[in-house]
Amino acid sequence: ETNQTVKLETKQLVNLETNQTVKLETNQLVNLETNQLVNLETNKLPQELIYLLEQNEIKIQRKFYEILNRPKSDTDGPGFIYGFTKSDKTSSWIKIGRTIQPNPNKRVDQWKGDIIFCQKTLYNKKIETLIHLIFKNRNIHQININTGSKEIEWFYFDTYVNVPKILAILIEYVELHHQLHHHNTIT
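Going by this note's numbering, the sequence shown opens with residue 69, and the numbers climb by one from there.
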């Protein structure tokens with residue numbers, strides 16, 4: 069609540085109007101940006117992500133959790149995750165990429181694609197890696213006939229998946245996960 073704050077020295081939640089304090093349990097943290105109490109036991113990966121992740125091999129699932137739990141790298145930062153199709157492909161083929169450019173449409177224009185979603189994140193490298201792992205079982209590698217280069221960020225969806233919604237859930241979870249586990253936390 070907005071009338072509460074956290075007293076770091078004593079690990080207490082303080083009501084600013086009544087000055088009453090509540091001792092935090094060992095399995096609780098406070099998100100200092102939102103002042104929300106978070107129970108670590110219930111702060112699990114959202115079901116939508118688990119469902120898709122479990123469609124992959126165990127080694128991919130392990131790699132996902134390993135990367136999820138890493139602290140932010142020095143080279144990661146704000147950017148955009150985008151998805152687009154090309155006019156010569158069906159809408160079932162989506163390229164999922166990232167950019168730090170202020171206008172993601174310019175990046176998609178370089179590919180001569182039609183953007184279908186674009187979302188901002190604080191951790192563009194980590195989010196791109198994690199979304200690629202979630203959809204690893206749908207990953208298609210192809211060779212660009214014009215350049216001969218291998219294109220590895222294409223995904224084929226033979227059944228409907230709301231990719232923008234999955235990406236939004238992932239971004240929200242990862243950003244909260246970083247706040248809770250990698251800085252500004254009480255344990």
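Cβ atoms here follow ideal geometry from the backbone N, Cα and C, with glycine treated the same way.
Bear in mind the structure is a predicted one, so any value in this text is a computation, not a measurement.
Next item on the list: Starting from N173, trace the beta strand (DSSP E) both ways and give me its first and last residue.
Entry: First-last for N173: P172 to Q178, but that is the alpha helix (DSSP H), not the beta strand (DSSP E).
Next item on the list: Go ahead and label P172 buried or exposed: buried means 16 or more other beta carbons lie within 10 angstroms of its beta carbon, across all protein chains shown.
Entry: buried
Next item on the list: Could you spell out the range, first to last residue, of the alpha helix (DSSP H) harbouring Y228?
Entry: Premise fails: Y228 is in no alpha helix (DSSP H) and is neither H nor E.
Check: If you draw a straight line from the alpha carbon of E122 to that of Q169, how long is it in whole angstroms?
Finding: 33 Å
Note to self: By the three-class DSSP mapping on this structure, what secondary structure does F203 have?
What the structure shows: coil
Next item on the list: Please classify G216: is it buried, with 16 or more other beta-carbons within 10 angstroms of its beta-carbon, or exposed?
Entry: exposed
Check: Exposed or buried, what is Y150 when buried is set at 16 or more other beta-carbons lying within 10 Å of its beta-carbon?
Finding: buried
Note to self: At the level of alpha carbons, what is the spacing between D182 and W161?
What the structure shows: 12 Å
Next item on the list: Quick one: give me the first and last residue of the beta strand (DSSP E) that Y150 is part of.
Entry: G147 to K154
Next item on the list: Could you tell me how far apart the beta carbons of L201 and I118 are, in whole angstroms, since I believe they sit closer than 8 Å?
Entry: Between I118 and L201 the Cβ distance is about 13 Å, and since that is not below 8 Å, they are no contact.
Item checked: For F185, the residue or residues it bridges with in DSSP -> G151
Margin query: I need the straight-line Cα distance from T197 to G165, nearest angstrom please.
Written below: 9 Å
Check: Would you say V231 and F185 are within 8 Å of each other, going by their C-beta atoms?
Finding: yes
Item checked: Per-residue burial, D144 [other beta carbons within 10 Å of its own, 16 or more giving buried] -> buried
Next item on the list: Indicate the three-state DSSP secondary structure (helix, strand or coil) for T86 in the structure shown.
Entry: coil
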